[in-house]
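Accompanying notes for the structure given below.
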Amino acid sequence: EKKAENIIILDVEKRLIITDYFIICSGLNVIQVQSISEFIQESLEKEGYRPVRVEGDGQSGWVLLDYLDVVVHVFSAEQRDYYQLERLWKDSSIIEWQR
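Residue numbers (my numbering): 3 to 101.
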């Protein structure tokens, strides 16, 4: 709904103890990164889920939302290219995202 781009889900359960899945998406600019992260938090809060930890903000170009079993990374295109989490966790299974 907030036009997150390049959404992927990585199954990191066999590689990490702290979480099972990474959801990674991008916004076109820092305002959109903030908007996407706020939308995710508000939507999940309506379902009874609150993040145990939030790191970063839209202005930094990377927001991490930690829901324990699932960690959501919302990046600007520049930050996503810089950190390259997909490459770092390339041995993890990718789960198809369906809108």
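All C-beta atoms, glycine included, are put in the ideal place defined by N, C-alpha and C.
8 Å CB neighbourhood of residue i in its chain, flanking five on each side removed
i     : result
Glu88 : Ile10, Leu12 and Ile26
Among the options, the one whose alpha carbon lies nearest that of residue i
i      : options                       : result
Ile19  : Gln36, Ser28, Ile42 and Val72 : Val72
Arg17  : Gly29, Trp99 and Ser94        : Ser94
Gln155 : Phe77, Gln81 and Pro53        : A query on residue 155 cannot be resolved here, the shown segment of the chain reaching from 3 to 101 and no further.
Ile38  : Arg52, Phe24, Leu66 and Glu80 : Leu66
Sheet register partners of residue i (DSSP bridge)
i     : result
Trp99 : Its beta-bridge partners do not exist; DSSP assigns none.
Ile10 : Ile26
Whole-angstrom C-beta distance between residue j and residue i, which should lie under 8 Å
i     : j     : result
Gly63 : Glu40 : With 8 Å as the limit, Gly63 and Glu40 do not qualify as a contact, their Cβ atoms being about 15 Å apart.
Phe24 : Val32 : Their Cβ separation, rounded to whole angstroms, is 21 Å, which puts Phe24 and Val32 out of contact at 8 Å.
Opening and closing residue of the alpha helix (DSSP H) in which residue i lies
i     : result
Tyr85 : Ala79 to Tyr85
Own chain, CB closer than 7 Å to residue i, minus 5 neighbours either side, in chain order
i     : result
Ile97 : Ile11 and Asp13
Start and end residues, beta strand (DSSP E) containing residue i
i     : result
Leu46 : Where Leu46 is concerned, there is no enclosing beta strand (DSSP E), although the alpha helix (DSSP H) it sits in stretches over Val32 to Lys48.
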